[in-house]
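4 protein chains.
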Amino acid sequence: MTAPLHPRKNPRQARARATVTAILEAAARILVAEGLERLTTNRVAEVAGVSIGTLYQYFPTKEAILAEILRDKRQQLLEDIRAATAEGTGEGFEARLSRLVEAAIAHQLGQPTLARSLEYLDSLLPLEAETQALKAAILERVAGFLARGGVARPDESARDLVAALRGMIDAAGLAGETDRAALFRRAMRLVRGYLDLGEGVSR
Amino acid sequence: MTAPLHPRKNPRQARARATVTAILEAAARILVAEGLERLTTNRVAEVAGVSIGTLYQYFPTKEAILAEILRDKRQQLLEDIRAATAEGTGEGFEARLSRLVEAAIAHQLGQPTLARSLEYLDSLLPLEAETQALKAAILERVAGFLARGGVARPDESARDLVAALRGMIDAAGLAGETDRAALFRRAMRLVRGYLDLGEGVSR
Amino acid sequence: MTAPLHPRKNPRQARARATVTAILEAAARILVAEGLERLTTNRVAEVAGVSIGTLYQYFPTKEAILAEILRDKRQQLLEDIRAATAEGTGEGFEARLSRLVEAAIAHQLGQPTLARSLEYLDSLLPLEAETQALKAAILERVAGFLARGGVARPDESARDLVAALRGMIDAAGLAGETDRAALFRRAMRLVRGYLDLGEGVSR
Amino acid sequence: MTAPLHPRKNPRQARARATVTAILEAAARILVAEGLERLTTNRVAEVAGVSIGTLYQYFPTKEAILAEILRDKRQQLLEDIRAATAEGTGEGFEARLSRLVEAAIAHQLGQPTLARSLEYLDSLLPLEAETQALKAAILERVAGFLARGGVARPDESARDLVAALRGMIDAAGLAGETDRAALFRRAMRLVRGYLDLGEGVSR
DNA sequence: AATGAATGAGATTTCATTCAT
DNA sequence: AATGAATGAAATCTCATTCAT
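Chains as they are written, first to last, in our numbering: chain E, 982 to 1184; chain H, 982 to 1184; chain W, 982 to 1184; chain A, 982 to 1184.
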């Protein structure tokens, strides 16, 4: 129930690191192609080309594998958001906002099955602190950015916008939409509208 | 996989109807309280107070039960949307839009676990035609409403708005928000902004 | 860890009761013939002639099966001891003592592997209250009997005698001894000696 | 099953001897603290501070480790019994008997978990010849001692007494008894009674 | 119509042991 | 001599579904 979601061993040798990578990639591949319910530890091991015993050397439970993937994805998103909202680039608020929305689209549009599965996972597992912290850090970063842009109630706004964007991008992905530029324009309209930024040039 | 998702029998007698209702309510209750992965057919039967054999008299598979619940929910949402967007009430576009958003909040905010589970189910199952048709009908109805309001690309806009609203309301529910009026105001801001309706009186 | 050791279902139909009996008998048979470490749930189901699923309908864990067997054995021993030490039969202390020793031999000598396994189990499992209570009841009954016979420190003496007797009978069984009369005479010598009863006629 | 239970290598070098000792001590420690079922070869290696590969350099199977521990314990008991029953010390039969019982208590009372596990092991494994021979040697030594004291059927008596004593001491240990002097008095009563030695001064 | 006993494929996980380095 | 990554048979247990009554 409160089983550890952390990896079991820190792989020391190069071979071991390759094995861990293979397992994570295999699991992600299955998630992308078939979804959560088709992902079994046996299948992960098989796709990764390792034995089931090896898988369990590095991950104490199936959930630990999934948690690791989710953590990786979130970590990556957080870094993209940091880059998009970084200070001192000479860019204005709106330019940064654009890059934020672009990052969200890049993060989500490619693999809707994976994104959906991970999101469902998040509500499913009593996720360990670090992954929850990443989620909080993402919201915090966005809220900070909004606050510097003069937005009222930045925490609430960050939550609203992140969730609305995710919903919209996810639906577009499921509907098979691939024109990122068009999606970006609509997403910007949504965000700017919520923030009462007026017409803007990016329209 | 290609098993029929329709109920096996058309319950004609009162007792049979009561049994079907009990099963659906039991399943919904489990979904609300514990989520999809804790829902087993044996548990549904137990909670419903019928035997597992009886359950399978009325539903050919577990998925059929879930599909029925999803169908019911969607049917209800469709009707609420129809009522909100009905013509000839003397109301204007914006008033109807408000009622649409209110319907969405009413539909989603109460039971986030249930809503999440059903949404995940939707992406999970090869859902049967009728349920998919309901989803399409909902989008179509919203698109028609938007078109009558002069919105360009109504299909795309309907999909965007429904998805963004769902994401935002869902996140608010998970975050424990209960102030519907405040949520409504922000949702309206989102929708009006996307539709470029200008400031408005926010109702 | 603290999983329930009680049966899962109370079998209502005759068939179900027969199944439970078959499972318990199969487990006991494996214990007698091969010992604890060869006993697996799959083997128990196979020997019982039921499917593994059926086994788990009635017993939540492997330990629950073993606990039930141990409980049954103890219950039976307790009843034999009660009969042996019952009041109002007109018998004297020594005659009852003889019957007590006879009961111990009858209980233990036949199936040394079973007895050893169950004893080891006892120290292994955090056995549930009822089984522990039976153990205590047995000691209490013997202690009460000794007290009525004028023995000092009856609790301590009961524990000593029960344990010493069990050890001796167990060793005799393992060594292949089958002459119960001879074993009985030595056991009586042990017990009478410990109790300082002098030569006695039963020698 | 028919695998050799002897160590694989004769550790000639000091380091190798230290490794073997570390492994045996680690296994014993786990046995004392957690019992047989928690003892795994990987855990033994970890606790011993060596790699699993190294462990298998010195012991062909897990059982070989356990057999070695049992052999050591038995060897030690045999030596204690030899010392207790040695001739030419000017002591009489009863004094030697006392020292025998003291040796048994010293051997068994301290670590009931270890003792239980080893005893169970004995009945479990097809133990290798040397360990069985030690067991026989112990009984033989006790039987010889009893024979010199004029006891009839010395082999049988040795088996009975050793087993009864072990049972009694084991139960006292499990019950948490720590007063060795009191236990010794009762043990002597048991032994003297069985041997018909009369009241005695109980030392 | 209803029951509930029974099924068994399949999932997760462990652990003694091997072998390339 | 030592390491530790890798193996895979085998164990426990679940749960959707069937079918005799």
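For each residue, glycine too, the CB sits at the ideal point set by N, CA and C.
Chain H residues whose Cβ lies nearer than 8 Å to that of residue i
i                       : result
residue 1018 of chain E : 1105
residue 1156 of chain E : 1140
Residue i in three-state terms, based on DSSP
i                       : result
residue 1040 of chain A : coil
residue 1151 of chain A : helix
residue 1072 of chain W : coil
residue 1052 of chain H : helix
residue 1032 of chain H : coil
residue 1163 of chain H : helix
residue 1061 of chain E : helix
residue 1133 of chain A : coil
residue 1089 of chain A : helix
residue 1125 of chain E : helix
residue 1066 of chain A : coil
residue 1106 of chain H : coil
residue 1178 of chain H : coil
residue 982 of chain A  : Bear in mind that the predicted position of residue 982 of chain A carries a pLDDT of just 38, short of 50, making it unreliable; the figure below should be weighed with that in mind. It is coil, neither helix nor strand.
residue 1113 of chain E : helix
residue 1018 of chain H : helix
residue 1100 of chain W : helix
residue 1009 of chain E : helix
Buried or exposed by the 16-neighbour rule on C-beta atoms within 10 Å, applied to residue i
i                       : result
residue 1070 of chain H : exposed
residue 1140 of chain E : buried
residue 1007 of chain A : buried
residue 1124 of chain H : buried
residue 1159 of chain W : exposed
residue 1129 of chain W : exposed
residue 967 of chain A  : The structure shown does not extend to residue 967 of chain A, since chain A is modelled only from 982 through 1184, so no value can be given for it.
residue 1068 of chain A : exposed
residue 1018 of chain W : exposed
residue 1110 of chain A : exposed
residue 1026 of chain A : buried
Nearest-angstrom beta carbon gap, residue j and residue i [assumed within contact, 8 Å]
i                       : j                       : result
residue 1146 of chain A : residue 1135 of chain A : That pair is no contact at about 16 Å.
residue 1154 of chain A : residue 1090 of chain A : 5 Å
residue 1031 of chain E : residue 1011 of chain E : Wrong, their Cβ atoms sit about 14 Å apart, outside the cutoff.
residue 1050 of chain E : residue 1119 of chain E : Rounded, the Cβ-Cβ distance is 16 Å, inconsistent with contact.
residue 1065 of chain W : residue 1084 of chain W : 5 Å
residue 1144 of chain H : residue 1148 of chain E : 4 Å
residue 1005 of chain W : residue 1022 of chain W : 13 Å between Cβ atoms; not a contact.
Contacting residues, own chain, Cβ-Cβ under 7 Å from residue i (five flanking each side not counted)
i                       : result
residue 1157 of chain A : none
residue 957 of chain W  : The question about residue 957 of chain W has no answer here: the residues shown for chain W are numbered 982 through 1184.
residue 1093 of chain A : 1151, 1154 and 1155
residue 1020 of chain H : 1008, 1011 and 1012
residue 1161 of chain W : 1086 and 1090
residue 1076 of chain E : none
residue 1024 of chain W : 1011
Under 8 Å by beta carbon: chain W residues contacting residue i
i                       : result
residue 1245 of chain A : Because chain A is modelled from 982 through 1184, residue 1245 of chain A falls outside the range shown and cannot be assessed.
Closer than 8 Å at the beta carbon, the chain A residues around residue i
i                       : result
residue 949 of chain W  : Outside the shown range of chain W (982 to 1184) lies residue 949 of chain W, about which nothing can therefore be said.
residue 1101 of chain W : 1097 and 1101
Sequence-distant residues of the same chain with beta carbon closer than 8 Å to residue i, five excluded per side
i                       : result
residue 964 of chain W  : For chain W, the structure presents residues 982 to 1184; residue 964 of chain W sits outside this window and is missing.
residue 1002 of chain A : none
residue 1116 of chain A : 1055 and 1103
residue 1132 of chain E : 1138 and 1176
residue 1059 of chain W : 1115, 1118, 1119 and 1122
Close-in-space but distant-in-sequence residues of the same chain around residue i (CB under 6 Å, 5 per side omitted)
i                       : result
residue 1046 of chain H : 1008 and 1040
residue 1095 of chain W : 1012 and 1013
residue 1183 of chain H : At residue 1183 of chain H the pLDDT is 38, less than 50, meaning the model places this residue with poor confidence; the figure from the coordinates comes in the next sentence. Correct list, in chain order: 1166 and 1169.
Cross-chain neighbours of residue i in chain A, by beta carbon under 9 Å
i                       : result
residue 1174 of chain W : 1170, 1171, 1172, 1173, 1174, 1175, 1176, 1177 and 1178
Neighbour list for residue i in chain W, Cβ cutoff strictly below 7 Å
i                       : result
residue 1167 of chain A : 1141
Any non-hydrogen atom of the ligand MN closer than 6 Å to residue i Cβ
i                       : result
residue 1159 of chain E : Annotation note on the ligand MN: not contained in the displayed structure, which lists no ligands.
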